[in-house]
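Working notes for the structure below.
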RNA sequence: CGGGGUAUAGCGCAGUCCGGUUAGCGUACCUGUUUUGGGAACAGGAGGCCCCAGGUUCGAAUCCUGGUACCCCGACCA
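In the numbering used here, the protein residues as written are 1422 to 1910.
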């Protein structure tokens, strides 16, 4: 029936949408810009959460929870912060409904107007720093390393499932330190945790870098980022870690007594990744057959399909197989639907991105074999049932590595170095533009002008960019290193 | 928020211009039979506030007014 997926070549954004919908990851909801994350999609997010949470805990962070609502006045305390978020805030003005006296339905009770409006958090710096004032009095209270898993709301003009939704799920870490150096170390540590997670678990290679002033988080001294390249040659900001300096400490008057009993403002960081990562995951690996998931994040790593359908003999053998796989910590499913035929199940398991598919039938039982199919390469082999557990375990690792390598190769093929505006434009005009390394004179003015001319932005100044004398592609002024330009999500 | 498009069964669509029996097709769903190693075939069946609210009309999925949602392209952003 081929309800399948629009090919990427034909319409990339339709392809993305088809995958999200057909693989049952999420759907649009009755609420503008807000999505329903379905169980299978949420399962991927849960795996991400678990892995990240472990790494946060390993590095000394503890989870806490702060309110969804922020008093309006809080948001105005840090000037750059309010400027960054003012235009996309949901505001609660009333707290009661009533029956419409003129007819059916309910209306907002005008007598229930709030004294001070509440903002639905777009991010929690303000409410958290207002709280930290009470938590921090001495250098012995520092560092304070807190994370929260939460939903936030940003009233964006245009939304896309997972990549940009009005409400989204994320984690936000908020830390307080005694010195600028410690805050900087923390900021870089978290960037590295994000980068490692992206590469080792999502198999999504990222560039570690720092944002230019234009792209910096509202209220930060510096924003560190991990930038990934999607299959359509556009960049995705996959995670950010901000050095907040003393900006929020000053705005919320958070001071501590140092060892010499001298009062000082606290130094801060904040960092976050969101359900956007799921979108990045899709656009990094998936193909025209559907979703492709790296084994480490796949809710189901191995799907076993009985051929042609379940029966007592197959059930018994498969139960044994499943027990063996589960004993190795492998997440395994058994498609025991009696109505659907194997071909249908094969296609479905591909659409859902399940890394390994095992098909077992009468012929296999006679020969002592099993059919093993890997999702990344679509390769199918017949394997001996002896040692199949080891084989699958190894295969999952191979797939994880192969996906990463493939994504790296793609990024290499779509990374370019240019020295003139013409070259920059020529690359950007391609169907799949990619990352473009170029010299820049370091001014916001130049960056904005290039953005205006080409729609490309500076994604980051790579952390490991080699020093190299050059001339800004726009102004010809001297530059010490190349930065990355790209079109971005 | 500006421009363009769309809204009819779970999903994908036709019908709307030019109002007129019981609103149709594909697929999915239910039942049965035959099938079954790459998306089965046949037969029977169930499923609709035709986006919402008003209006015009003897009569509205169809015409008019207003609203809402989604998609695409911009500007804004994780």
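Don't be surprised by glycine CBs; every beta carbon is placed ideally from N, CA and C.
Checklist line | Assigned exposure category for residue 1835 - 16 Cβ within 10 Å defines buried | finding: In the assembly as shown, residue 1835 is a buried residue. Its beta-carbon has 16 or more other beta-carbons within 10 Å.
Same chain, Cβ closer than 6 Å to residue 1700, neighbours up to 5 away in sequence not counted | Within the same chain, residue 1700 has close Cβ partners 1583 and 1584.
Checklist entry - Under the rule that 16 or more other beta-carbon atoms within 10 Å means buried, what is residue 1422, buried or exposed? => result Caution applies to residue 1422, whose pLDDT of 33 falls short of 50 and renders its modelled position unreliable; the model cannot decide the point.
### Message
Using only the alpha-carbon positions, how far apart do residue 1678 and residue 1560 sit?
### Response
Approximately 6 Å between the Cα atoms of the pair.
From residue 1778 to residue 1806, what distance separates their C-alpha atoms? Distance between the alpha carbons of residue 1778 and residue 1806: 14 Å.
**Message:** At 3 residues or longer, what runs of the beta strand (DSSP E) sit wholly inside the segment 1760-1842?
**Reply:** The beta strand (DSSP E) runs of length 3 or more contained entirely in the segment 1760-1842 are, from start to end of the chain, 1777-1782, 1790-1795, 1801-1805 and 1836-1838.
Next on the checklist: Going by C-alpha to C-alpha distance, which of 1478, 1785 and 1599 sits closest to residue 1688?
Outcome noted: Of the residues 1478, 1785 and 1599, the one whose Cα lies closest to the Cα of residue 1688 is 1599.
**OP:** Going by CA-CA distance only, name the one from 1500, 1799, 1548 and 1661 that's closest to residue 1488.
**Re:** Comparing Cα positions, the closest option is 1548.
Check: Is the Cβ-Cβ distance between residue 1659 and residue 1646 less than 9 Å?
Finding: Going by C-beta atoms, residue 1659 is nearer than 9 Å to residue 1646.
task = List the residues that DSSP assigns as beta-bridge partners of residue 1732.
result = Looking at the DSSP output, residue 1732 shares a beta bridge with no other residue.
Legend entry - Those residues which DSSP pairs with residue 1410 across a bridge: Not covered by the structure: residue 1410. The range shown for the chain is 1422 to 1910.
Exercise. For residue 1509, I'd like the list of residues in its chain whose CB is within less than 8 Å of its CB, leaving aside the five on either flank, ordered along the chain.
Key: Residues of the same chain with a CB within less than 8 Å of the CB of residue 1509, apart from the 5 flanking positions on each side, are 1543, 1575, 1576 and 1577 in chain order.
Worksheet item: Per DSSP, residue 1461 forms a beta bridge with which residues?
Response: Beta-bridge pairing links residue 1461 to no other residue.
Taking Cβ positions, are residue 1605 and residue 1570 nearer each other than 9 Å? Going by beta carbons, residue 1605 and residue 1570 fall outside the 9 Å limit.
- Task: Measure how close the beta-carbons of residue 1514 and residue 1534 come, nearest whole angstrom, since I'm counting them as under 8 Å.
- Result: With a contact defined as Cβ atoms closer than 8 Å, residue 1514 and residue 1534 qualify at about 6 Å.
| With contact counted as at least three CB pairs below 8 Å, one residue from each stretch, are the segment 1861-1869 and the segment 1887-1902 in contact? | Counting Cβ pairs under 8 Å, three or more are found: they touch.
Problem set entry | Presumed contact (8 Å Cβ cut-off) between residue 1791 and residue 1753, rounded CB distance | The pair is not a contact, with the Cβ atoms about 13 Å apart (cut-off 8 Å).
Original post:
First and last residue of the alpha helix (DSSP H) that includes residue 1500?
Top reply: Under the DSSP assignment, residue 1500 falls in the alpha helix (DSSP H) whose first and last residues are 1500-1506.
Report the rounded CA-to-CA distance for residue 1760 versus residue 1734, giving the unit in angstroms.
Roughly 18 Å separates the two Cα atoms.
(request) Could you tell me whether the segment 1769-1787 touches the segment 1812-1824, using the rule of 3 or more Cβ pairs below 8 Å? (result) Output reads yes: the segment 1812-1824 touches the segment 1769-1787.
Excluding the 5 residues preceding and the 5 following residue 1440 in the sequence, name in chain order all residues of the same chain whose CB lies nearer than 7 Å to its CB.
Excluding sequence neighbours, residue 1440 sits near 1426, 1703, 1707, 1711 and 1712.
Using only CA atoms, which one of 1731, 1500, 1537 and 1903 lies nearest to residue 1884? Nearest C-alpha to residue 1884: 1903.
* Given residue 1842, which residues of its chain have a CB within under 7 Å of its CB, disregarding the five upstream and five downstream residues? -> Its chain contains 1894 and 1895 as the residues whose beta carbon lies nearer than 7 Å to that of residue 1842, once the 5 sequence neighbours on both sides are disregarded; these appear in chain order.
Element boundaries [beta strand (DSSP E), containing residue 1661]:
Segment 1656-1666, the beta strand (DSSP E) holding residue 1661.
* For the segment 1467-1480 against the segment 1616-1632, are there 3 or more C-beta pairs whose distance is under 8 Å? -> With a cut-off of 8 Å, the segment 1616-1632 and the segment 1467-1480 count as touching, because enough Cβ pairs lie within range.
ask   = Hey, which unbroken runs of the alpha helix (DSSP H) at 4 residues or more fall wholly within the segment 1702-1757?
value = Qualifying alpha helix (DSSP H) stretches, in chain order: 1733-1748.
**Asked** Near residue 1998, what residues of its chain come up, given a Cβ to Cβ distance below 6 Å and the 5 sequence neighbours on each side ignored?
**Response** Limits of the chain in this structure are 1422 at one end and 1910 at the other, which puts residue 1998 out of reach.
**Asked** For residue 1900, does the count of other Cβ atoms within 10 angstroms reach 16, so buried, or fall short, so exposed?
**Response** Classification of residue 1900: buried, given that the 10 Å Cβ count is 16 or more.
Residues near residue 1424 by beta carbon distance below 8 Å, same chain, minus five either side
Because residue 1424 sits at a pLDDT of 49, beneath the cut-off of 50, its placement in the model cannot be relied upon, and the point is left open.
Return the chain-ordered list of same chain residues with a C-beta closer than 6 Å to the C-beta of residue 1452, the five sequence neighbours on each side being excluded.
If the five residues before and after residue 1452 are omitted, its C-beta is found closer than 6 Å to no C-beta atom of its own chain.
Can you give me the start and stop residues for the beta strand (DSSP E) that residue 1520 sits inside? 1518-1520 is the extent of the beta strand (DSSP E) around residue 1520.
Endpoints, the alpha helix (DSSP H) within which residue 1612 is located: Counting along the chain, the alpha helix (DSSP H) containing residue 1612 begins and ends at 1601-1621.
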